[in-house]
């Protein structure tokens, strides 16, 4: 395991790892929008003044339900591939935290409906209710995040399974849980800033001018997110111990760790440019987006390397090899491409035809 | 650990190669042990069954809803149904709010509840069909994209664009059903996959087509019933408009006339033993089959004679009642589909308690819970080691379908039997009830299970004796050998021959 991820693994294992990471990245993008977006919306509602318009809050209120739907849809693929990669560990952690999975379902449904409720005139007209509704939605999403964090940590700690089962504990006690969750939650802010920036930019170009202050606010959000997430990452690194730290910068993860660090710098430069820009904001958003891509990809790989090195991964190779013998991957690839084209066509039809008519 | 054909007497007896299962070797047996949760008086099947039925109903509503709206949009474009657009926009909002939210999440939830019930089953399904599942995901993603495009921009689009988006949504939703249907029907009738391991032989299995057509028509019927409720409850529609819309929506109920034929096709494509459970062999399954068929019949008769031929108006109360009947029909059908697989979760591959036929042979020799790393919860509550062993055997072999004293409780089923009777019935379990798997353990484990049931039936006394009569254990061994490890229906069919 001295080669950079995913090289150094047998072919089938490397293939499933790469597929898992790539699909997880797409889920993380939407998940970050939902998690950070709901938090930002709550802050803006608490700090906002009645009767004043808030472009960011309006945008978030409008798009959060769709983002949640996209996050759930994008989350299905990594959920499928994780079952091939870490079947026993994943299932065991799910069984030990079974009440959590039974609760996540209603929590997400409630969170979903609360996001839709934000859009109703009834809630919009009542500032206190608005705050309560957003708080409720955020609580649902944080609970989901907490459960996933617990699941991830428990799945890679085989020694904890039998004692936890015997103790009937409903909570997996691990000192990494809260710091880790804080890291991922605050790390979602730069993603939100990039996506919000593009949404505002598109709105601006479509003839609904967005003032410079709003873009600057987005840039500050992104920069602030990078700083606090960076501080959390440093704190978390101190907590996880020397072995995990060594793996995070070891041969398997090092190129991806470097990619993430470079990504942070590039993303930061993009946000600074966006903050200063009077025009050509698309260019700075493009730079920030490129940086974001490397940050998310790099951190996702480092996260995976920490799991791989924490479990007896070599013992799982035969399972991966057997799964790879199953046919159907070309079917998937073919329909993936066809459906991606059709989805793009649908979006294009909706955007171009609807706008033309409105104009 | 790879289990080869030589260790699989069931398949070897049939003269066919066996589909090998690779498991992570965590014990001497190569069986992956999982922590088992106890749902108290509720059996696990109820948990997944309840959520499954709810999800299926919503998913079918999403598919049928697409067909209905595409049809209405087409009628609107042709100028044949003036209020169609107004209705479609309102109906789609309902579809998004109910089906996109609860339907999508319960779909993900199905995976989690399946893990709770039988991780090995879902693991085998994922191993075998992960690319089919991934393909289904691309269609689901397309469905969501097309649906949201229509939801957000539909009211600002021209008729052609609306029809395109709705058509795309409908095709994607139906193909989602197409792929999932192949996986679900494979569980009951894996067909030639058993011999060849070929993915497509398993996917296009004997019950694939009847099941697909049946579900498609069911989806259209559910959408029509929900539409009837939305139309009759809509204050913005005039009475004449409502009547016209109702008549058009009811046209989607017409294919229900073919359901009896499709149902018969499905039944005859089933294995003979599974069919026998449905047609009287198992009272519960026959009852649910009757509920499903009866509810479908009532809805179908009302649709054909009332809505289509006599063009009756339908109020909200009647529409709600028809939806309840539709739900009952779905529930009955899903219960039958799940139950008819017994004693397997994947026919001739994995028993309902998640053991392979080969593992049963090994466990008869080495014990079923010898390598189970999970201790008993509340181990101190049991009076002695024998009852503790029995509790572990119950947890490993029985608890997926049974409870101790609740639904399908062992105490209710076997509490009144004599000890000798219990030993015999459990040792020859697959012959006692052919939808049960063979007992998978040593005579000592069987005796421990018998003592556990007796202890529970006696209201868990503090003092409880240990039985260790060698003659009794030898008798159990003889019975186990006589019973063999092949499923009970094999013996029944041999007798008939």
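Residue numbers (my numbering), protein chains in the order written: chain L, 1 to 359; chain D, 1001 to 1497.
Think of the CB as a built atom: it goes at the ideal place given N, C-alpha and C, for glycine as much as any other residue.
Among the options, nearest to residue i - alpha-carbon criterion
i                       : options                           : result
residue 218 of chain L  : L:95, L:208 and L:201             : L:201
residue 1343 of chain D : D:1066, D:1171 and D:1355         : D:1355
residue 1323 of chain D : D:1058, D:1129, D:1043 and D:1033 : D:1058
residue 1450 of chain D : D:1461, D:1389 and D:1400         : D:1389
residue 434 of chain L  : L:263, L:99, L:334 and L:185      : Chain L is shown only over 1 to 359; residue 434 of chain L falls outside these bounds and no answer can be derived.
residue 1475 of chain D : D:1425, D:1148, D:1369 and D:1276 : D:1425
residue 1192 of chain D : D:1165, D:1033, D:1207 and D:1171 : D:1207
residue 312 of chain L  : L:281, L:149, L:342 and L:159     : L:159
residue 1062 of chain D : D:1046, D:1407 and D:1221         : D:1221
residue 198 of chain L  : L:270, L:352, L:41 and L:301      : L:270
residue 295 of chain L  : L:352, L:260, L:279 and L:188     : L:260
Short CB-CB distance (under 8 Å) between residue i and chain L
i                       : result
residue 1128 of chain D : yes
residue 1304 of chain D : no
residue 1116 of chain D : yes
residue 1153 of chain D : yes
residue 1377 of chain D : yes
residue 1148 of chain D : yes
residue 1186 of chain D : no
residue 1027 of chain D : Note that residue 1027 of chain D scores a pLDDT of 49, beneath 50, so its modelled location is shaky; the value from the coordinates is reported in the next line. By this cut-off, residue 1027 of chain D is not an interface position.
residue 1144 of chain D : yes
residue 1133 of chain D : yes
residue 1407 of chain D : no
residue 1138 of chain D : yes
residue 1204 of chain D : no
residue 1058 of chain D : no
N- and C-terminal bounds of the alpha helix (DSSP H) containing residue i
i                       : result
residue 1439 of chain D : Careful: residue 1439 of chain D lies outside any alpha helix (DSSP H) and carries neither H nor E.
residue 1205 of chain D : Here residue 1205 of chain D belongs to no alpha helix (DSSP H), and DSSP marks it neither H nor E.
residue 1175 of chain D : 1159-1188
residue 1139 of chain D : 1119-1153
residue 1330 of chain D : 1316-1339
residue 243 of chain L  : 242-248
residue 308 of chain L  : 281-308
residue 151 of chain L  : 127-155
residue 1472 of chain D : 1470-1483
residue 170 of chain L  : From DSSP, residue 170 of chain L is part of no alpha helix (DSSP H); its letter is neither H nor E.
residue 1426 of chain D : 1419-1427
residue 313 of chain L  : First-last for residue 313 of chain L: undefined, no H or E at that position.
Contact list for residue i against chain D, beta-carbon separation under 9 Å
i                      : result
residue 161 of chain L : 1035, 1373 and 1374
Residue-chain proximity (residue i, chain D), Cβ-Cβ < 8 Å
i                      : result
residue 343 of chain L : yes
residue 329 of chain L : yes
residue 171 of chain L : no
residue 15 of chain L  : no
residue 119 of chain L : no
residue 38 of chain L  : no
residue 310 of chain L : no
residue 130 of chain L : no
residue 101 of chain L : yes
residue 72 of chain L  : yes
residue 138 of chain L : no
First and last residue of the uninterrupted beta strand (DSSP E) at residue i
i                       : result
residue 265 of chain L  : No beta strand (DSSP E) holds residue 265 of chain L; the alpha helix (DSSP H) holding it covers 254-276.
residue 1344 of chain D : 1344-1346
Residues that residue i contacts on chain D, provided the C-beta gap is smaller than 7 Å
i                      : result
residue 379 of chain L : The structure shown does not extend to residue 379 of chain L, since chain L is modelled only from 1 to 359, so the question has no answer here.
8 Å Cβ cut-off: residues of chain L touching residue i
i                       : result
residue 1123 of chain D : 83, 87 and 91
residue 1095 of chain D : Chain L residues near residue 1095 of chain D: none, gap ~13 Å exceeds 8 Å.
residue 1105 of chain D : 72, 105, 108, 109 and 112
Proximal residues of chain L, C-beta to C-beta of residue i below 7 Å
i                       : result
residue 1168 of chain D : 342 and 346
residue 1233 of chain D : Those do not exist, as residue 1233 of chain D stays about 19 Å from chain L at its closest Cβ, beyond 7 Å.
Under 8 Å by beta carbon: chain D residues contacting residue i
i                     : result
residue 79 of chain L : 1108 and 1111
*Are the segment 112-130 of chain L and the segment 91-101 of chain L touching by the rule of at least three beta carbon pairs closer than 8 Å?*
no
_Validate contact between the segment 1437-1453 of chain D and the segment 1466-1475 of chain D using beta carbons, cut 8 Å, 3 pairs_ = yes
*Could you tell me whether the segment 1325-1336 of chain D touches the segment 1278-1290 of chain D, using the rule of 3 or more Cβ pairs below 8 Å?*
yes
*Are there three or more Cβ pairs, one per stretch, closer than 8 Å when the segment 58-74 of chain L is compared with the segment 27-39 of chain L?*
yes
*asked:* If contact is defined by three or more beta carbon pairs under 8 Å, each pair taking one atom from either stretch, is the segment 1377-1391 of chain D in contact with the segment 1338-1352 of chain D?
replied: no
*Hey, is the segment 1294-1302 of chain D in contact with the segment 1252-1269 of chain D, meaning 3+ C-beta pairs nearer than 8 Å?*
yes
*Taking 8 Å as the threshold, find out whether the segment 1158-1166 of chain D comes into contact with the segment 336-355 of chain L through three or more Cβ pairs.*
yes
*Decide yes or no for the touch test of the segment 1217-1231 of chain D against the segment 1312-1321 of chain D: beta carbon pairs closer than 8 Å, at least 3 of them.*
yes
*Segment contact flag, the segment 283-296 of chain L with the segment 187-198 of chain L, C-beta cutoff 8 Å, min 3 pairs*: yes
_Three Cβ pairs or more, each shorter than 8 Å: is that satisfied between the segment 1086-1104 of chain D and the segment 1194-1211 of chain D?_
no
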